[in-house]
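Protein sequences appear in the order of chains E and D.
Just add 152 to the spot in the first sequence (first one is 1) and you have the working numbering.
So that you can map any letter, position 395 of the second sequence is 392 in the working numbering, and since no number is skipped, the others follow by simple counting.
Glycine included, each C-beta is placed from N, C-alpha and C at the ideal position.
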Amino acid sequence: MSDSILETPLITGNRTPGDVTRDVCIPLEGRPGRSWYVGFLIAFSVLAVGGAAVIYQVATGIGTWGLNRTVGWGFDITNFVFWVGIGHAGTLISAVLLLFRQKWRTSINRSAEAMTIFAVMCAGLFPLIHMGRPWLAYWVFPYPNLRGPLWVNFRSALLWDVFAIGTYFTISLTFWYIGMIPDLATVRDRAKGLRKRIFSILSLGWRGTARAWSRYETACVLLAALATPLVVSVHSVVSADFATAVIPGWHATLFPPYFVIGAVFSGFAMVLTLMIVARKTMHFENYITMKHIHAMCKVMVFTGSIVALAYTTEAFTAWYSGSEYEQFVFLNRMFGPMAWSYWVMVSCNVIAPQLLWFKKIRNSLGAIFVLSLVVNVGMWFERFVIITSSLERDFLPSSWSGYFPTLIEFGSLIFGFGLFFTLFLLFCRALPMIAMFEVKSILPERKSAQSAAQRGEAA
Amino acid sequence: MKNQTTKPGDGAATLLPGENLDPSRRAFLRAAGFGIASSALVGCSRGPTRSIITNAIAPVGTVPGRAYWVATTCEGCAAGCGVLAKCRDGRPVKLEGNPEHGLSRGGLCATGQSEVLSLYDSLRLREPQVDGAPADWARVDEELTARIAEVRRRGGRIRLLTGTIHSPSTLAAIERFAAGDKGFRHVQYDALSVSAILDAHERSHGVRALPSYRFGEADVIASFDADFLGTWISPVEFASGWAVRRRPDDEHPSMSLHVQFEAGMSVTGAAADRRYRLAPWERARAVAALCEAIEGLAGGSGRIHGALEGHRLREPIEELAAELWQAHGKALVVSGSNDRAVQGFVNHANELLGGYGRTLSLARPSLQRRGCDRDVEALQRELANGEVDLLIVSGANPAYDLPSSFAEPLSSAATLVVLSDGLDETSRMAKYRLPASHALESFGDGEPVAGHYSLLQACVPNLHQGRTLRELLARLMGDERADHVLVREHWREHIHPRFGASQEFDAFFGAALERGFVELAAAGDEPRYDAGSLPSAVADEPPGDLGLMLYPKVGLLDGAHAHNPWLQELPDPVTKVTWDNYACLSEERAAALGVSSGDLVRLKVPGLPEALELPVLVQRGQHDDVVAVALGYGRAGTDRFARVGPQWFESSLTVEDGETIGVNLAPSREFRNGNLRGDHLPVEIEVTGESYPLAATQDHHTLEIPHGLAPKGHEVRDAVLTTSLAAYAAGEGLHGEEHHGGEDVNLWPEDHPKPRHHWAMAVDLAACTGCSACVVGCQAENNVPVVGKDEVSRHREMHWIRIDRYLEGEGDGVTAAYQPMFCQQCDNAPCEAVCPVLATVHSTEGLNQQVYNRCVGTRYCANTCPYKVRRFNWFNYPHEDRLQNQQLNPDVTVRTRGVMEKCSFCAQRIQEAKSEAARLGRELADGDILVACQQSCPTNAILFGDLNDPESKVSKWFERRRAYGVLEELNIRPSVRYLARVRNVPEGTPSHGEERHV
């Protein structure tokens, strides 16, 4: 896919390095536009409403959710897995594509990484609030204590989650921050007053010396190398929550790759959603070009096809296992009371992305935007289907049940989105959304020189 | 009646030396005496203290924190089961069956188990009320004595209306009260009347008596709508007898044959080998046809003609007749019908089959139901005519459960005196509303079966100002002796002599108190059968296109216990619905009406002033022409449970304020040929188009996978295995053993060594009737909260035992399999591996322990549990009622919200037994530990023990051919095994899915 990208410049509009700095820094320095305010108001309202629901639930009990003796997880863990998945694209873009020297990533990697951080923050909240006694959540950490000492259960996939998510968040945050230092210094240099003080601290005294750059590059590659295995490991571990349990529909060795590819799939969908909006509202058309969008569309159609293969494999394995319980879970998933959610999942994740094979669709931002939303919905449903349809009808028919989320549960769902978008919108205003120094490195050299000369003449 | 002048050595004086001293010292010594007595003979006295808080200074003789047991008798119904009350720090916390008791043999039903909660009901009447205003007993005694004297002076009528009383001392007190008063009559009635059985025996045998039934003696049992395993007369006693012959073992593969004819679905029908649907109005002819068929086999001149010819069930009846006849002398026919014609034929059948003296006995009649419907009808006429001057009601709630024609004139009775817990409808109408003592706070006695005397002891001093009927009558006669003295004196004078003079009275009485009962060995002769007594009427016309049948439900029975939240939340064994009654309709009838479960219909019954709205429940196995509605609902004041569950903004009330739980249809019953009938009522059904949520704990009612979702060849799950007696006797194992017996497949080395004990449980599904006694027993033992209807409908019931009920068969032959399901304490427990904080761990004795303190509530363990037996505390469940909290078992934590819980195999009992063995310096013996469910089980279907001991009973059960583990193929190695059901049917009988395992 990179061939086609390399043929034409990644950045259009004949931008000079100075233009880049100006374009990226302007949103940080001026007053936000109306669309930002509208967006922020919506996001923050959603966060507030969702937050109220979460506070009510923590104060009252898990009973305010629609869970029951048979279905012990619903929206909570669905949201958790969904947000972890969203985070994956960021790491993939920034780390893996860095190692593979995919230059097209430079325009989007900053926001993709920010998305990762915020998504992992959202993800981390759900295991916390899903606990019956969240005030004791620190017990999941193996810290020295006076209770025996009581230790954690290293056999529990939920504990591996703690480590996996913790590591992921730490590395992602470090990588993102380190990657931002030169740009922070640029902002510092343009800023005055308090902003200058703040960005001085944040940029850690970056002076842009050759030695600093040299060490900086090394550090980035090292961190990328560290982050790369996380792309695979985090969601593999998350999938182990299910794969290590005996519940049919969960107990499958396919889960780690299936979850990882699903995560990348949903992550790219989310990046697309965000980028299409940001590009428009922040006037980044020259940086996030159709080329980028096409590249991401191709990743989506590729990963979406692997997801489709995973669905098929999963069903085949159930049939081939000869286990009546496994077979039943899949029949029940497809044709039982929750079948609608399964077919929503299939339509969104398998059928819809196939439209991206068509160039016409790939050229239509509106269509891509809708498709990216559809894929996100589908991937949310994938987790929902896996969790609830496996639990609702397992071994003993006497305990079969259903699952009907409560309003409070919908509150927790929108809480995640509210938090995510609030943070992302704040990020758009506070930090350089595009990695300026990296974009500058891939500017089409000659043209930008010309345009600089032209501009000089004009001046 | 002598006035009280106590001599030394008289009355309770030897027990309580303070009886004859001056009042202040007496009061003091009573209090001290309570302490002394509690260690040996608890509760022979009433301490003056009204405190219900655990004593800061314990009474002498009690060891704080150490349980002691008091032998007493259950008064949950009139069956009179023997009970051991477990008391802690001066208060009863749990009731258990008395294993030595000759009738109940250690079992105790759900109703009995729940009695301990009723004791602590904070809404019980605490003091007497006159005209609705609080009064003291002195005033009540004075006014009533004057009123009685006045009525008697002018020859007026005093009536005493009670439920069945078989307490000899109370009956003696009534006799004394009645002495010399020609206008007095004592009317007994049973809300669940079997008066027709007594009436029929009066006609056929010349004695108005209820025979005692010996189900354990019967090879063939034919039951016509007698729910003897669930609700009929004395279910614990009957179930325990029935089960003796229903559990074949490897050495003796034989069992009795049980055939049930019934209109609705009952636990008894579910357990039957063959079950046929029979409408109540078809019973007389069916029993007559059975008699005719038996007469045909007996030869000689038959007395019955034309009943068999053309009968819808001719073939099965003839088959049954042949089987009964073959089991001559070991056959038993019973019917729950309150129709004298049916019972007349039943008597005839039993006589033909040589049952009297063997499988049922009139020589030693049962006194568990003594009600006489004719007397009630007569009283109703008297009341209607305003002829009653004083009506005393005790142990009955006629305003609720008798026809409205009775209840209406009740309020006009010149003076109505009601001695009750004050929660009943009748006492609300009374001028004198008097608090009755609860059975656990009073002394008393009983004689459930002639010659079987049992004693009641107070486990706690009167919590309020209650009195027993005996005490009330004594006071009204000016007898000031304490209640227990009255009982003791009666025993000294009347009961002791019957046991011969070989033993001093004090020793005799002491032994009886300790044991809880005494039994007379001798029985008289069976009365002669009068062959001319046979009823003539055979046919009973159906009441219409559709007939209404009112039936008692396990637990709630006649509704006397409707104020007990345990029973309200107990899933009905048949329907699994809680907190409501409903109109049961057959699948065909529901389809014809176009309704399904949860649709609201309007029932028009002539006996009721207005139509009642009830939700429909579609019940497989129900007769097409019968709509069945449970009695015991619609009790006034049950809206107290509106907020019994957690309250949050999306929750709904268990019952609307001002409404009742369920609907009461009892007033629609009628006196028909002198008997109270609730099974032959015309009814019209109107579909309202509205719906009403029913809270059931089980949504999927069979082991069959829903149509279209079943993998080929796996249409039926095999959680419950059933075999036929024929196959079992032929030595066949359970089919599917290949995949069920996945024993030593373990790649992982054994990392849970169990050097000393390996606790395990075995459940005999052949003996389990689904009666749910264990559910309430477990609830009482383990402080399981009541969560209310809304939570149950959200599938968040908290019971640690779930009795899975799987219906089988179609049409006439519907039966059900019951499977008590609780934590299986797996050796390879899936839950243990997944908990991130090690809140559920494996003990060195094979227990899967739940550590509440450590649990953070991820619910991962519950998700991964294949049996779905874990229960999560979704909320902080209400524990504000401090009086009710007195019932809580101090040995078991009350769990907070956010914590997972589940069956612990009664870890506290294991610990207690181990400590006791250690204290006595001996090894723990098999049977030392009885877990709560095991203890309560009337059929001993549950067995607990140590697998490390190869000689233990549970080890032996594990090795039986019938033993299997549920989901054993997952290699989680459950510590519970089930013994497959056995049905006494020919090999390869079709119609039941599970037969494929044979």
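The bridge partners DSSP lists for D:R868 are D:E898. Every alpha helix (DSSP H) of 4 residues or more that sits fully in the stretch 169 to 199 of chain E is shown, in chain order, as 169 to 181.
By alpha-carbon distance to D:G686, the top candidate from D:L611, D:I939 and D:D696 is D:L611.
Against chain E, the CB of D:H839 has no partner CB under 8 Å away; the residue lies outside that interface.
Counted as a single uninterrupted DSSP element, the beta strand (DSSP E) harbouring D:N845 occupies residues N845 to Q847. Between E:L426 and E:M448 the beta-carbon gap is near 11 Å, outside 8 Å, which marks them as no contact. Contact annotation: the stretch 894 to 911 of chain D does not touch the stretch 67 to 86 of chain D, with fewer than three C-beta pairs closer than 8 Å.
Using a CB distance cut-off of 8 Å, D:L614 does not count as an interface residue toward chain E. Under a 10 Å Cβ-count criterion, D:G710 is classified as exposed, with fewer than 16 other Cβ atoms of the shown protein chains found around its own Cβ. The contact set of E:D546 on chain D, defined by CB atoms closer than 8 Å, consists of P863 and K865 in chain order. If you draw a straight line from the Cα of D:L120 to the Cα of D:L420, it is about 7 Å long. Taking 8 Å as the cut-off between beta carbons, the residues of the stretch 487 to 506 of chain E near chain D are F487 and G488, in sequence order. Residue ranges of uninterrupted beta strand (DSSP E) with 3 or more members, entirely inside the stretch 729 to 816 of chain D and ordered along the chain, are 756 to 761 and 799 to 805. Within the stretch 684 to 696 of chain D, those residues whose Cβ lies closer than 7 Å to any Cβ of chain E are, in chain order, Q695 and D696. The beta-carbon of E:S550 is placed less than 8 Å from the nearest beta-carbon of chain D. Judged by DSSP in its simplified three-state form, D:M546 adopts strand. In chain order, H620 and D809 place their CB closer than 6 Å to the CB of D:R274, counting only its own chain and leaving out the 5 sequence neighbours on each side. The stretch 362 to 442 of chain E is shown to contain whole alpha helix (DSSP H) runs of 4 or more residues at 362 to 395 and 407 to 433, in chain order. Inclusion of E:N438 and E:R167 in the CB contact set at 8 Å is warranted, their separation being smaller than that value. In terms of beta-carbon proximity, D:Y857 lines the interface with chain E, with at least one pair separated by less than 8 Å. Interface with chain D (8 Å Cβ-Cβ cutoff): E:N297 is excluded. D:P643 sits buried, since 16 or more C-beta atoms from the chains shown fall within 10 Å of its C-beta. Residue pairing of D:W66 in beta bridges, as defined by DSSP: D:K83.
When rounded, the separation of the alpha-carbon atoms in E:W312 and E:N261 is 28 Å. Linking D:D476 to D:A509 through their CA atoms gives a straight-line distance of about 25 Å. One alpha carbon belongs to D:S530, the other to D:S201, and they sit about 5 Å apart.
Partner residues in the beta bridge of D:A328, as assigned by DSSP, are D:V217. Shown here for D:S391: same chain residues with a beta carbon closer than 6 Å to its own, the five before and five after excluded, namely T159, L416 and L466 in chain order. Residues are counted here when their Cβ sits less than 8 Å from a Cβ of chain E; for the stretch 871 to 882 of chain D these are W871, F872 and N873, given in chain order. For the stretch 221 to 234 of chain E, the residues whose beta carbon sits under 7 Å from a beta carbon of chain D are, in order, R221, T222, G224 and W225. In this model, D:P539 and D:E898 are separated by some 51 Å (Cα to Cα). Under the Cβ distance rule, E:M448 does not count among the residues neighbouring chain D, no pair being separated by less than 8 Å.
Residue pairing by DSSP places D:C581 opposite D:L614 and D:A625 in a beta bridge. With a 10 Å radius around the Cβ and a threshold of 16 neighbouring Cβ atoms, D:Q323 comes out exposed.
Pairing D:R243 with D:V811 gives a Cβ-Cβ distance that is not under 8 Å. The count of Cβ pairs closer than 8 Å, one atom from the stretch 457 to 471 of chain E and one from the stretch 400 to 413 of chain E, reaches three, so the stretches are in contact.
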